[in-house]
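Shown next, in structure tokens, is the structure this report addresses.
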Ligand SMILES: C[S@@+](CC[C@H](N)C(=O)[O-])C[C@H]1O[C@@H](n2cnc3c(N)ncnc32)[C@H](O)[C@@H]1O
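In our numbering, the protein residues as written are 31 to 253.
Next up, the structure:
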């Protein structure tokens, strides 16, 4: 993503921000030939550029942060007059893939260890973003897309949706179970049972995974 932005605007100074060193080192390697890019390890919850920037672009990250009612206006206020805040976030929290996480975590077997990890959707309704941004912006465009991801069959036989969610939404639950390998295996087993019912495999072993994403593009107004 950062690479695309830097090549689209070769005259711009592009700063890529993430709080994961692993992600930053991948990104640095992918953009090492571009002179106008640098990366910084920062928490998006507190980041605030010293001077107004022309574009704030965030892909698939802000759904990890709470309190969007404050976060979005704050980000919009870091953009120069006529500049753009552009954000994409998954809004798939009502899908069976996410509902099943909460169901398993609050089931009798896991409640004591995992129920406190269940959190409400951090991403609000589209109208909320319009209302939060409108006072700071010349225009606000908000839309959603639901597209059908075809997740390919995996060599290890794992259900493709289980593999997908294991790398994202399930990570804090695994962290909470720590080194208890058996508990992690059993938790994943309970989750897999629900997912296999909700997302049947196609004849070739792939799985169709409808996914909803929210897009916000706002032009800042400082006067
Ligand atoms: C799905 S990845 C998207 C990465 C990248 N934006 C892209 O489009 O390829 C989500 C990223 O959000 C980052 N992230 C989550 N919470 C964050 C925070 N509070 N501050 C900075 N980065 C955060 C994670 O480290 C992770 O790299």
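Just so you know, even glycine gets a beta-carbon here, dropped at the ideal spot from N, CA and C.
Taking buried to mean at least 16 other C-beta atoms within 10 Å of its own C-beta, is residue 121 buried or exposed? Per the 10 Å Cβ criterion, buried.
Going residue by residue through the stretch 97–156, where are the continuous beta strand (DSSP E) segments of at least 3 residues, counting only ones entirely within it? List check, beta strand (DSSP E) in window: 109–120.
Since residue 191 and residue 229 should fall inside the 8 angstroms C-beta cutoff, what is the C-beta to C-beta distance between them, to a whole number of angstroms? Contact holds; Cβ gap of about 5 angstroms.
Which residue comes first and which comes last in the alpha helix (DSSP H) that contains residue 211? That run of the alpha helix (DSSP H) goes 211–228.
Name the two residues that bound the continuous alpha helix (DSSP H) containing residue 195. Counting along the chain, the alpha helix (DSSP H) containing residue 195 begins and ends at 190–196.
Using only Cβ atoms and a threshold of 7 angstroms, which residues come within that distance of a heavy atom of ligand 1? Order them by chain position. Taking each Cβ in turn, the ones that pass are 31, 47, 48, 49, 50, 53, 72, 73, 74, 75, 88, 89, 90, 91, 94, 95 and 198.
Below 8 angstroms on the Cβ atoms is my guess for residue 181 versus residue 236; work out the distance and round it to an integer in Å. Going by Cβ atoms, the distance from residue 181 to residue 236 rounds to 6 angstroms, so yes, they are a contact pair.
Residue 165 - containing alpha helix (DSSP H), residue span: It is not in any alpha helix (DSSP H) - residue 165 carries neither H nor E in the DSSP assignment.
For residue 87, which residues of its own chain have a beta-carbon under 7 angstroms away from its beta-carbon, when the five flanking residues on both sides are left out? For residue 87, where only same-chain residues beyond five positions count, the Cβ hits under 7 angstroms are 35 and 116.
The stretch 32–46 / the stretch 57–70 touching (three or more Cβ pairs under 8 angstroms): Under the three-pair Cβ rule at 8 angstroms, the stretch 32–46 counts as touching the stretch 57–70.
Span of the beta strand (DSSP E) around residue 71: Following the DSSP letters along the chain, one finds residue 71 inside the beta strand (DSSP E) bounded by residues 67–71.
For the 8 angstroms Cβ check, are there 3 or more pairs between the stretch 161–171 and the stretch 97–111? With a cut-off of 8 angstroms, the stretch 97–111 and the stretch 161–171 count as touching, because enough Cβ pairs lie within range.
Determine whether the beta carbon atoms of residue 157 and residue 244 lie at a separation below 8 angstroms. The beta carbons of residue 157 and residue 244 sit no closer together than 8 angstroms.
Residues in its own chain within less than 8 angstroms of residue 131 by CB, not counting five upstream and five downstream? The residues are 148, 195, 199, 200, 203 and 221.
If you drop the 5 nearest sequence neighbours on each side, which residues of the same chain put their C-beta closer than 6 angstroms to that of residue 48? Here residue 48 has 54 as same chain residues with Cβ atoms under 6 angstroms from its own Cβ, once five neighbours each way along the sequence are excluded.
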